[in-house]
Amino acid sequence: MDEICSSKRRSQGPVMAAGKKAAEGIKQEDGKYKHTVDLPKTAFSMKANSSVREPEIQKIWEENQVFKRVVERNTGESFILHDGPPYANGNLHIGHALNKILKDIINRYKLLQNYKVHFVPGWDCHGLPIELEVLKSMDQKARNDHTPLKLRAKAAKFAKETVKKQMSSFKRYGVWADWNNPYLTLDPEYEAAQIEVFGQMALKGYIYRGRKPVHWSPSSRTALAMSELEYPEGHVSKSIYAIFKVLKSPQMPSGLLQEFPNLCLAIWTTTPWTIPANAAVAVNPKLEYAVVEVESLHEHVLASCGTEKKELGVLLKDEKKPFLIVASELVPKLEAKWGVKLVVKRRQLGSDLENCRYIHPIDNRECPVVIGGDYITTETGTGLVHTAPGHGEEDFVTGQKYGLPILSPVDDNGKFTEEAGQFSGLDVLGEGNTAVVKYLDEHQLLVMEELYEHKHPYDWRTKKPIIFRATEQWFVSIERFSHTTMDAIGHVKWVPPQAENRILAMASSRSEWCLSRQRTWGVPIPVFYHMQSREPLMNEETIDHIKSIVAQKGGDAWWYMTVEDLLPTKYHDKAVEYEKGTDTMDVWFDSGSSWAAVLGKRGSLSYPADLYLEGTDQHRGWFQSSLLTCVAATGKAPYSNVLTHGFALDEKGLKMSKSSGNVVDPRIVTEGGKNENEKEAPAYGADVLRLWVSSVDYTGDVTISPQILRQISEVYKKLRGTLRYLLSNLQDWKMDNAIPYHKLPRIDQHALFQLENVVKSIQENYENYQFFKIFQILQRFVIVDLSNFYLDIAKDRLYVGGSTSYTRKSCQTVLTAYLLSIVRIIAPILPHLAEDVWQNLPFQYTTDYGAIAEYVFESRWPTLNERWLALPVEEIDFWENILELRTEVNRVLEAARTGKLIGASLEAMVHIYTSDDNLAFQLSKLCAAKNDADTLNRIFITSQAEIIPSLENQHIVNIPYSGECLIKG
C-alpha cells in the first residue's frame, strides 16, 4: 500500500460544502448545491406508528371490501383452509395468535397466487366450560331456580359476547376472513347439520347405547371422552396389597387346599375404593404362579420401604398363617417390599387357576378366578389383578367374557350409593377410599399400604381426577370402521410428516368414543325412551323430523317442545309412552361435524378442504373427531392436507402461566401496556407479531419473550427502512422510463438475477409452508445483501448522476423491480407494511391482466422472469468474486481508517493484483467500463481503482491485511 500523498476526490458530480466554514454554518453557503442533488423523498414514514397506522389500513380494507374484491377478481382454483373453531370462553392467548396468523399468511399467499380463497372463521360455543362460567356468575338462589332453558339462554349470550371479543382481536392481527358470516356451533343450521351426521352414523350402526365403564368426572358430573383428559405429573394414589381367601371348589387344582388350608390370593390395586365392586381376580394364563409361605420378618427392609404398615401381622400369625398365591417372578420384589421371607412351596401356570373360587373380602360373595389378557404383567403388583367390571375398561372386557356382574355402586357425584352398604354416602376419592382400606385392615385382609406415584387421568377443565364408572351411555363404535379410517389417513398429506404417525397411533388405539354428556348446554342426542321398557326410539324418520325442527328453531326446541310435537305424526298416538332423552353430544362431535355443517352446506365451499391447520394437540381433538365423523358418514377424510404447529413457550422453553409471570399477551404485543410483571411494554403492532410467527419453526414448540420481540422489532425496522429507501429514490419514476434489460449495466443485471433467485426461493418456501426460511432469506437478502452492497454503491448514481442520466434510470429500473417484488413477497407476512408501501407508490401499477392494482393484494405474485435468471454461469461466478473482493477491500479500508491514514473511503485509491489472468482481465474491463455503474471505484466507493500486473516495486504501508489488495491514498 502506497503512502498517502494527497486527498483526491472524484470529478463526477458536485463537491459538497466541507471544511471549517461549512462546519461553522456560513449562511451564504447554505443550500448552494441543493438543486443539483436528487435527494430521496417520500411521504412514507420511517416510524411504523402501528397503533394508528395499522387500524387505518384495516379500515381501508374493510370499507373497500378488499378481501372480497380480490377473491372475486381472482380467476384461479378455489382454496379452502377450514378454520378449526377456538373455544368461546375467554381472551385470546399467544397460541391463538400463532394459529390464526399462520392461517392468514397461507391465505394471503394464495390470494396473490390468483386462488379464490374461502376462509370462514368459526367458534366452538357449547360445552361444560361455558356452562360452568354461567353457573359461577349466578348467586345461589339463581342456581337453585335455573331451568335448562334459562341456563341455555345465558350460555348462548356468554358465548356470543366472547365471539365478538375474540373476533375483534383476530381482526387486529390483520387476519382476513368472512367475518360477517362466521360459523358458530350454536347456530340452528349448524346444530341441524350435526344431528344429520349423528343420524347417518346411527343408521349405519356405528352409534349404540350400552352400559360400560367410562371416564367419569365427579367434578363435572358427566362422562368424558379420551380427548377431554389430561395426565398431570405428580399424581399420587394410596395403593394396597390385600388378600382374598380361596374356597374349596371342584375346579381347584388337585390337593391344593388340603396341602395349603389357609390359601389366599394376593392382589395389588391403586383404587381401593373399587374393592366393593370386585367380581373376580384375573391371572395371566402364560405366567407361572407360586404358592408361597411366609417365614420371617425383616424390620430393616420394611422400614426402608417407607410403608405406613409397621406390622404385617396378617402374614405372620403362628396360627392360621396364610399361604399366598403370587407370580413366581415377583417373589424377590415382594420379599423386599413386604420385609418377609417368602418360601416357594408349589408352582403352576395361571391357566391352572382358572375358575378357582374365593370369598369376596367385603360382602362374602363367592367369586371366580378368571383368565385375563396381556394387561396382566409382572412390572408391578403381584401378578393377580383385582377385577371390577364396573370400574375398568380391561376389567369390563374380561367380565363380558365370563358373564361377570357389572357392579358400580357410585353416583354422579363420585359418592358410594346404598348398594355399597356401610360405605354409602362417602366420597370414593376421599373418605370412601380410606374407609375401604380401614375395613380390610380391621378384617386382617390388608398386607400393606403405600403411596404410589403414577399417571392418572384428570378432567382437563376442572383439573380434578376422574374415575372409571359404568353408566348407560351412547358410544361410537370406532372399530367398526377403523380400516377405512386408517386408509383415509394414508391419503392425507401431513405437515410435518411425523404427524401422520401421531394420528395413526391415536386413532388406532381407540375402539369406541363415548358420545353422550350429562349436561344441558349442548346439542341434544335425538332419542326417545319408552318409559316402561327403556328401549330407545331413534330411526330415520324421527331423526329427520328433529333435524328439521332444530334447523328452524334451534336446539332449545328439544327442551321446550313436547314429545308429541318432537315426534313425527305417525308416532303421535304413542307419544305418551315416551320421554325425551336428556343427554347432549360431546363437544368434539360438535366441532368434528364442521365439515358437514360448513363445508357441506355453504355454496362456495366443499369437502375435503384443501387444508386443516391447528396445534399438535388436535391430533387427539379436532383432527380426529373430524376424521372419524367424516369417514363414518362418507367414507373419506374431510381434508386433503393437515398442518400442525407446536405450543408457544417462554424463552427458556417453559410453559406460560400467570403464576410464573412469563405470559406474553398478544394484545400487549400489538397495543402496548403493562404486562404480567406490571412493566410497561411497547406497542409493537400486529406486523411485528406476525413477523415473529414467520420467524419460528412451528413444527415444534416455539419460544417468545420480550427480548425476542425486541429483536424481531429491529428486523422489522431495518426492513421498513430498506423499503422506505426504495420508495424515496423513485419519487420521479415513471414506468415507461425503464431501461431495457439488455441495455442495463452488468451490476444491474446481476442485481436482477439475485432478486429473481430470492423470489423463486421464497415462493418455494411459501408452497412448502416453511415460513421461517422466508424470514431468514429476507433478513439476509434485504438487510445484508441489498442494503450493504447494491444500495450502498448506488447512492452516487441516484443522488448526483443527474435526474435523466442513463445510470440513474438504470438504477431506478432495478429499484422498481426490487420494490414491487419485495413488497409483494412480504405481503402475506407483513400485510400492513406492504399495504402502507403500496399506498405510497409514486406511480400506478398495472397488473399482467391489465387492471390497476389499487391495493397490494390486487397485484398478484411477481411473475418469474426467466431471462433475469438466465445470467451466464461465468457472469455469476465473476460477481461472486467481486463481492468477496469488496469485502476484503472494505476490511483493508477500515484498517486504514482506524490507523488514521484515511478518513472517508473516497480518500483512497485501490490497487488490485491477482494471479488469475482471466479475473484480472475481467476486472480491467470494469476499470475501463463506459458507464459509471460498473466501474470498480464505484463498487468499492473509492476515488480510483486499478489492476496492477505484479507486486514488484510496490511500496507497502504497514497495515495488517490478507490477500492481494492494496490501497493508495
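Going by my numbering, the final residue of the sequence shown carries number 980, and the count climbs one at a time with no gaps. Every residue, glycine too, gets a C-beta built ideally from N, C-alpha and C.
When the Cα atoms are used, residue 743 and residue 809 turn out to be separated by approximately 11 Å. Nearest to residue 162 by alpha-carbon distance, out of 175, 145 and 935, is 145. Here residue 194 carries a strand assignment [DSSP, helix/strand/coil]. For the pair residue 824 and residue 748, the CB atoms are nearer than the 9 Å cut-off. Of all alpha-carbon atoms in 696, 114 and 179, the one lying nearest the alpha-carbon of residue 777 is that of 114. Between residue 829 and residue 762, the C-beta gap is smaller than 9 Å, which places the two residues in contact. For residue 649, the CB contacts under 6 Å within the same chain, skipping 5 residues up- and downstream, are 606, 618, 619, 637 and 641 in chain order.
Residue 930 and residue 951 have their alpha carbons spaced roughly 17 Å apart. Comparing alpha-carbon positions, the option among 94, 941, 949 and 249 lying closest to residue 916 turns out to be 949. DSSP, reduced to helix, strand and coil, places residue 484 within a strand of the structure shown.
A straight line joining the alpha-carbon of residue 244 with that of residue 470 spans about 14 Å. Using a 10 angstroms sphere on the CB of residue 863, the tally of other CB atoms stays under 16, which defines it as exposed. The three-state secondary structure of residue 220, taken from DSSP, is strand. Rounded to whole angstroms, the separation of the alpha carbons of residue 771 and residue 710 is 23 Å. In this structure, the alpha-carbon of residue 233 lies about 13 Å from that of residue 476. Listed in chain order, the non-local C-beta contacts of residue 773 below 7 Å within the same chain comprise 785, 788 and 836, local neighbours out to five positions each way being set aside. Residue 810 carries a helical assignment under DSSP once its states are collapsed to helix, strand and coil. One Cα belongs to residue 567, the other to residue 557, and the distance between them is close to 12 Å.
Spanning the alpha carbons of residue 386 and residue 520 requires a straight line of approximately 15 Å. Look at residue 459 here: in three-state DSSP terms it is strand. Annotation: the continuous alpha helix (DSSP H) that includes residue 771 extends over 757-778.
Judged by their CB atoms, residue 599 and residue 626 are not nearer to each other than the 9 Å cut-off. Between residue 833 and residue 795 the beta-carbon gap is near 14 Å, outside 8 Å, which marks them as no contact.
Each residue's CA atom was taken as its position, placing residue 435 and residue 286 some 14 Å apart. Ranked by how close their Cα comes to the Cα of residue 547, the residues 396, 213 and 72 have 213 in first place. Beta bridge pairing from DSSP links residue 525 with 486. DSSP lists 923 as the beta-bridge partner residues of residue 958.
Contact check for residue 755 against residue 854 fails: the beta carbons are separated by 9 Å or more. Here residue 391 is near residue 279, since their CB atoms are less than 9 Å apart.
With 16 or more other Cβ atoms from the protein chains shown falling within 10 Å of its own Cβ, residue 526 counts as buried. Beta-carbon to beta-carbon, residue 821 and residue 723 are separated by about 35 Å, too far to satisfy the 8 Å threshold. The secondary-structure analysis by DSSP pairs residue 334 across a beta bridge with 274 and 304. Around the beta carbon of residue 120, 16 or more other beta carbons lie within 10 angstroms, which makes this residue buried. A residue is called buried when at least 16 other Cβ atoms come within 10 angstroms of its Cβ; residue 501 does not meet this threshold and is exposed. Of the residues 84, 80 and 693, the one whose Cα lies closest to the Cα of residue 716 is 693. Here DSSP, grouped into helix, strand and coil, assigns residue 88 to coil.
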